[in-house]
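S.K.:
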Amino acid sequence: MSNFTMSALCRIFTRGLLCGPSSCLSATGPRDFCSGVSRLEGAGSESVRAASAVNLTYDVFDGKVDSTPLVFLHGLFGSKSNFHSIAKSLVQRTGRKVLTVDARNHGKSPHSPVLTYEAMTSDLTHLLGQLHIGKCVLIGHSMGGKVAMTTALSQPNLVEGLVVVDISPSQTSARTNFHAYIQAMKEVKIASNIPRSTARRLAEDQLRKIVKERSVRQFLLTNLEEQNGDYGWRINLEAISNHLEDIMGFPDFNITYEGPTLFLGGSSSAYISSEDYPEIQRLFPSADIQYIPDASHWIHADKPLDFISSIITFLQS
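For reference, each letter of the sequence shown is one residue, going -19 to -1, 1 to 298 in mature numbering (1 follows the signal peptide of the UniProt record, and there is no 0).
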C-alpha cells in the first residue's frame, strides 16, 4: 500500500486551468516518422510507439555530476521557458543536468494535427533516445504531468523517478474555461508592423472580455509572437481545440509504475483531490501525495523555493 502524506490544508475547489515563468543550450531532436496513432487501452509501449514522433525543441542546463538527469514537461498553453529559473536552481543545488522540453504544438516545437498523450509520449521517448538518456527523473506539470505519467506507465525502464505536479490520472474537471480561452485567442486581431508592447496591450484588451484573471491573460500572452511584422499565436490553437477532450482525459492503463513517485499539489487548487487517491494508488503504488500551502495550480510560480525543496527532498529519498 502507498504511503500517502496529506496536508490538512487541502481544500477542494472547482476551478481549473491546466499548465503555467528564464541561459542555456537550445536544441531540437532529430525527427522520426512511424505510422498510425492508436489508443493506449492498457497495452503500454507498443501503442505509444505507434504514434508519429515530432522533433521537439528543448533546453539543456548542464550539471557537473553524473546522476540521472531531470526532465521538465510544461502544461497546456505553456513552454519550456516556464521552468528555466527552476532548472537553473536545481542545477546549482543538485549538480544534475536538467532539460526543459517544448511539447508538440507548443513553444518552438513543430505543429501537428494530433495532440494526444500517446503522441506526446512518443515524442518524449524518441527525444530521450536521440539524446542517449537511458533513464531520467520526469517532472511534469498539469498536461505535462499526464505525459510524464503516461511515459512512466508505458516505458517504466526510462523513468527512475516521477514527480507529477498538480494533476492526477483522472478526468480533469469539466468546469474549465479552455474552450472560451481558445476562442478568445482566435478572435484577437492585431495590426501589422506595430511595436511589440503595443501589440501585447491590444491583445490583452481583447482577451479581457473573456479571460477575467490578469495572471491567466499574462500567461496566455507569453504565446504572442511576431513574424515579419505580423502578430499571431505560436501555439496550435486548432489542434488544442480539437483534442481538448483528450487533454482533459487520461489513457486507460491496467499496468502499474512501481518506481518512486511524488504527487505534488497546491493547497488552493482542486486538481488533486481525495477522490483521485484510489486511482493514484492503483497505478502508482509507491506514490506519496503532498501539498504545498498557499499554492495555486502554478505551484512552481507561486512557491518556487518550496517547490525546489520538495523536488530535492524527493531526489534524496
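Beta carbons: idealized from backbone N, C-alpha and C, even for Gly.
1. Taking the alpha carbon of residue 226 as the reference point, which residue from 96, 269 and 206 has its own alpha carbon closest?
2. Less than 9 Å between the beta carbons of residue 146 and residue 288, yes or no?
3. Any chance the stretch 76 to 83 sits against the stretch 47 to 59, with 3 or more Cβ pairs inside 8 Å?
4. What is the C-beta distance between residue 144 and residue 292, in whole angstroms, given that I count them as a contact (C-beta under 8 Å)?
5. Residues in its own chain within less than 7 Å of residue 290 by CB, not counting five upstream and five downstream?
6. With distances taken between CB atoms, is the gap from residue 252 to residue 163 smaller than 9 Å?
7. Quick test of your reading: residue 204 and residue 215, contact by CB under 8 Å. State the CB separation rounded to the nearest angstrom.
8. Quick one, are the C-beta atoms of residue 208 and residue 185 less than 9 Å apart?
9. Mind checking residue -19: buried by the 16 CB within 10 Å criterion, or exposed?
10. Among 250, 232 and 161, which has the Cα closest to the Cα of residue 222?
11. Mind reading off the beta-carbon distance from residue 238 to residue 133? Whole number of angstroms is fine, and I expect it under 8 Å.
12. Measure the alpha-carbon distance for residue 261 versus residue 230 and round it to whole angstroms.
13. Quick check on the DSSP output: what are the complete alpha helix (DSSP H) runs of length 4 or more inside the stretch 218 to 267, in order along the chain?
14. Look at the alpha carbon of residue 218 and the alpha carbon of residue 92, and state the distance between them as a whole number of angstroms.
15. Buried or exposed for residue 201, going by 16 or more other Cβ atoms inside 10 Å?
16. Return helix, strand or coil for residue 273, following the three-state DSSP convention.
17. What residue range does the alpha helix (DSSP H) around residue 38 cover?
18. Going by DSSP in three states, residue 81 sits in which element: helix, strand or coil?
19. In three-state DSSP terms, what is residue 119?
20. Bridge partners of residue 213, per DSSP?
21. Tell me whether the beta-carbon of residue 220 lies closer than 9 Å to the beta-carbon of residue 94.
22. Return the CA-CA distance between residue 116 and residue 206, expressed in angstroms with no decimal places.
23. Determine the direct distance from the alpha carbon of residue 36 to that of residue 108, and round the result to whole angstroms.
24. If you follow the beta strand (DSSP E) that residue 168 is part of, which residue opens it and which one closes it?
25. Residue 130 to residue 100, Cα distance in whole Å?
26. Is the beta carbon of residue 139 closer than 9 Å to that of residue 120?
27. In angstroms with no decimal places, state the Cα-to-Cα distance between residue 193 and residue 58.
28. State the Cα-Cα distance for the pair residue 197 and residue 285, rounded to the nearest angstrom.
29. Count the other C-beta atoms from every protein chain shown that fall within 10 angstroms of the C-beta of residue 61, then say buried if there are 16 or more, exposed otherwise.
30. Quick test of your reading: residue 246 and residue 267, contact by CB under 8 Å. State the CB separation rounded to the nearest angstrom.
31. Just mark residue 270 as buried or exposed, buried being the case when its beta carbon has 16 or more other beta carbons within 10 Å.
M.R.: Taking the geometry as given:
1. 96 is the residue among 96, 269 and 206 whose C-alpha sits nearest the C-alpha of residue 226.
2. Yes, Cβ-Cβ distance for residue 146 and residue 288 is below 9 Å.
3. Three or more pairs of CB atoms, one per stretch, sit closer than 8 Å, so the stretch 76 to 83 contacts the stretch 47 to 59.
4. With a Cβ gap of about 6 Å, residue 144 and residue 292 count as contacting.
5. Within the same chain, and ignoring the five residues on either side of residue 290 in sequence, no residue has its Cβ closer than 7 Å to its Cβ.
6. For residue 252 and residue 163, no; Cβs fall outside 9 Å.
7. Confirmed, about 5 Å.
8. No, the Cβ-Cβ distance between residue 208 and residue 185 is not below 9 Å.
9. Unreliable positioning characterises residue -19 in this predicted model, as indicated by a pLDDT of 42, which lies under 50. The coordinate reading is nonetheless provided below. Counting Cβ neighbours within 10 Å, residue -19 comes out exposed, since fewer than 16 surround it.
10. The candidate whose alpha carbon is nearest that of residue 222 is 161.
11. Between residue 238 and residue 133 a beta carbon distance of about 4 Å is seen, short of the 8 Å cut, so the two are scored as contacting.
12. Approximately 14 Å between the Cα atoms of the pair.
13. Taken in chain order, the whole alpha helix (DSSP H) runs of length 4 or more contained in the stretch 218 to 267 are 218 to 223, 225 to 229 and 258 to 264.
14. In this structure, the straight-line span from the alpha carbon of residue 218 to that of residue 92 is close to 10 Å.
15. Residue 201 is buried by the Cβ-count criterion.
16. Looking at residue 273 - three-state DSSP - the assignment turns out to be strand.
17. Counting along the chain, residue 38 falls outside any alpha helix (DSSP H), though it belongs to the beta strand (DSSP E) covering 38 to 42.
18. Strand at residue 81.
19. Strand at residue 119.
20. Per DSSP, 206.
21. Yes, the pair counts as a contact, with Cβ atoms nearer than the cut-off.
22. Each residue's alpha carbon lies about 35 Å from the other.
23. CA-CA distance, residue 108 to residue 36, rounds to 8 Å.
24. Where residue 168 is concerned, there is no enclosing beta strand (DSSP E), given that its DSSP letter is neither H nor E.
25. Annotation: residue 130 to residue 100 spans about 13 Å, alpha carbon to alpha carbon.
26. No, Cβ-Cβ distance for residue 120 and residue 139 is not below 9 Å.
27. Between the alpha carbons of residue 193 and residue 58 lies a distance of about 17 Å.
28. Whole-angstrom Cα-Cα distance: 18 Å.
29. Residue 61 comes out buried.
30. Actually they are not in contact, since the Cβ atoms of residue 246 and residue 267 sit about 17 Å apart, beyond 8 Å.
31. Classification of residue 270: buried, given that the 10 Å Cβ count is 16 or more.
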